[in-house]
Amino acid sequence: MYKETTVLEELLEMYDTVASLVEVKESALAHVLGPTAYSAYRTVCEVFEKADRTKKSIEELIKKEVLELGHTVESEKFQFVYSDGRISWDTAGLNGYAVLHPEITTFRKEGKPYVSIKKKKGE
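Each residue of the sequence shown is one higher than the last, beginning at 0 in numbering that gives the first Met the number 0.
Dropping the structure here:
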């Protein structure tokens, strides 16, 4: 089998390992802290998670408002930068057009390839 497949399998194993370690960590904390302190710890975690969700919700609201305003908004500590939408072209169509009009290829720029990691739904 192909080497990259082995590396991908290793990454999948690491995701599983980390998930298992989170469970082990929580179990160890519950054991070490005892029921009362662990309950207080879980309450703090829940408060933090709620605050984090609220923060993200406010950020999304501000982004929506900045889009509606159509310009960058600043405060003392934050800057919500408005950017125009990216322009894209029909690459297949333009490549076909370039066969008859090769002079347009001088305007073609191709960026470096990149990789993003996406977790499949249901995994």
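For each residue, glycine too, the CB sits at the ideal point set by N, CA and C.
Just tell me which of Ala18, Tyr113 and Leu93 has its CA closest to the CA of threonine 104. Leu93
Glutamate 25 - DSSP class collapsed to helix/strand/coil: helix
Given this structure, state the Cα-to-Cα distance separating valine 125 from tyrosine 40, to the nearest angstrom. The chain is shown from 0 up to 122; residue 125 falls before or after that span and cannot be answered.
Sort out for me which residues DSSP pairs phenylalanine 47 with in a bridge. None, per the DSSP bridge assignment.
Just verifying my parser: in three-state terms, what is the DSSP assignment at phenylalanine 79? strand
Beta-carbon separation of valine 80 and threonine 71 under 7 Å? yes
Quick one: measure Cβ to Cβ for alanine 27 and tyrosine 37, integer angstroms, because I've assumed they're closer than 8 Å. About 10 Å; that fails the 8 Å criterion.
By DSSP's criteria, glycine 73 is part of a beta bridge. Which residues make up the other side? The residue asked about is misnamed: residue 73 is glutamate in this sequence, not glycine. Its beta-bridge partners are Gln78.
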